[in-house]
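In this note's numbering, the protein residues as written are 62 to 417. Each residue gets a CB set at the ideal place from its N, CA and C atoms; glycine is no exception. In what follows, a single structure is set out as structure tokens and then discussed.
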Ligand SMILES: Nc1ncnc2c1ncn2[C@@H]1O[C@H](COP(=O)(O)OP(=O)(O)OP(=O)(O)O)[C@@H](O)[C@H]1O
Ligand SMILES: [Mg+2]
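Next up, the structure:
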């Protein structure tokens, strides 16, 4: 699905913005502080009901107003949907085709979204949670019962951890283990299958953008020479002391290396940006292939860290994924768009947006 109509009201400095984006490439350009990132933030709100810049929605809602609203019409060859998100300081209202819903996961299914920002390197520089989230995004979109397994695993894990903290007997704690193992094994299998399917695409994209191939190592969250049941048994005493379960897919890690060295220790900043973009684009292409579903990709400040030819390569690859892409940049001349590449240009100026 792509966004064919977008209305944004009172998201930061944007007031009564209405645009009809191109189904492929959209270039959003304008001076610093004109409202470009705010537009991407509004699209992000339509997929997650959240901002990517702040946890505090009151900072996103326009000063001196009490709520923000975002609306999109989504269209593919056979379907049309309308989605809307309204947020005030105290409430969130999500509507799909006029019906009120209370699960943000339904929004994400309608509008799968990838975000590439100048802070994109946090995927490698921060803790393993970010990499697990990366994998889970992909599995969630291609395997629709994954969310159920993921939730049941975390529910059981919480209960087991509570039993550990209350110093219940070993028998009472391990009573949770069958349910925990069932869900843990499902999650692990799904993540491993997903990674296996994603790897060839990622290799292809890294070859184009970086001229080298990464190595992906999934560590499933317990010692490689043990099964999870044994690992849980062996760590019982320590887990009881600490009050949490130290083995399981909630401790999984995705290690990314080039020539045996962790990517973040060997790649330059521009290369890191390209590598993480390649990871995200591989996810988008995989989803398109598996589910015939078109993603939206938001690229904030594409030009940062990248030289002219890398910018052109990245734009070419973004177009190749068949996603609907929104790119922000301070000056349109920073981007070279191939002749024949379908696109629209939008100029942002003090909170208003005009198609050029
Ligand atoms: N809650 C708010 N209400 C009104 N204006 C806000 C609010 N929050 C931020 N702003 C202002 O909105 C303007 C647009 O910010 P935005 O980050 O979208 O700019 P930008 O075009 O992405 O700039 P840059 O090129 O520097 O990244 C800024 O001037 C900012 O101070
Ligand atoms: Mg910005």
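Take the alpha-carbon of residue 358 and the one of residue 97: they are about 15 Å apart.
For residue 116, the three-state secondary structure derived from DSSP is coil.
Collapsing the DSSP output to three states places residue 252 in a helix. Listed in chain order, the alpha helix (DSSP H) runs fully inside the stretch 290–358 are 297–303, 324–327, 330–352, counting runs of at least 4 residues. Of the other Cβ atoms in all chains shown, 16 or more fall within 10 Å of the Cβ of residue 282; this residue is therefore buried.
Within the chosen limit of 6 Å, ligand 2 reaches the beta carbon of residue 97 through at least one heavy atom. Within the chosen limit of 6 Å, ligand 1 does not reach the beta carbon of residue 246 with any heavy atom. Taken atom to atom, the span from the alpha-carbon of residue 212 to that of residue 369 is near 44 Å. Boundaries around residue 224 are those of the alpha helix (DSSP H), 207–226, since no beta strand (DSSP E) includes it. Within the DSSP bridge table, the entry for residue 191 names no partner.
Residue burial is scored here from C-beta neighbours: residue 173 has at least 16 other C-beta atoms within 10 angstroms and is therefore classed as buried. By the Cβ-count criterion, residue 78 is buried, with 16 or more other Cβ atoms from all chains shown falling within 10 Å of its own Cβ.
If you check the C-beta of residue 74 against ligand 1, you find a heavy atom less than 6 Å away. If you ignore the 5 residues before and after residue 345, its C-beta comes within less than 7 Å of the C-beta of 175, 356, 358, 382, 384, all in its own chain and listed in chain order. For residue 99, the enclosing alpha helix (DSSP H) starts and ends at 97–109. Sequence-distant partners of residue 274 (beyond 5 residues in either direction) whose C-beta falls short of 7 Å from its own C-beta, in its chain, are 264, 267, 268. In the DSSP assignment, residue 131 is bridged to 69, 146. Ranking 312, 286, 300, 270 by CA distance to the CA of residue 328 puts 270 first.
Its chain contains 147 as the residues whose beta carbon lies nearer than 6 Å to that of residue 154, once the 5 sequence neighbours on both sides are disregarded; these appear in chain order. The three-state secondary structure of residue 170, taken from DSSP, is helix. Of all C-beta pairs linking the stretch 214–233 to the stretch 189–203, fewer than three are shorter than 8 Å, placing the two stretches out of contact.
Between the alpha carbons of residue 64 and residue 143 lies a distance of about 10 Å. Assignment of residue 161 by DSSP, reduced to helix, strand and coil, places it in the strand class.
For the options 160, 325, 133, the alpha carbon positioned closest to that of residue 188 is the one of 325.
Taking a contact to require three or more Cβ pairs closer than 8 Å, the stretch 299–314 and the stretch 337–344 do not qualify as touching. No Cβ-Cβ contact shorter than 7 Å links residue 207 with residue 214. In terms of side-chain proximity, the C-beta atom of residue 87 is found no nearer than 6 Å to any non-hydrogen atom of ligand 1. Residue 180 has its Cβ no nearer than 6 Å to any heavy atom of ligand 1.
In this structure, the beta-carbon distance from residue 88 to residue 337 does not fall below 7 Å. In this structure, DSSP gives residue 137 a state outside helix and strand, which the three-state scheme calls coil.
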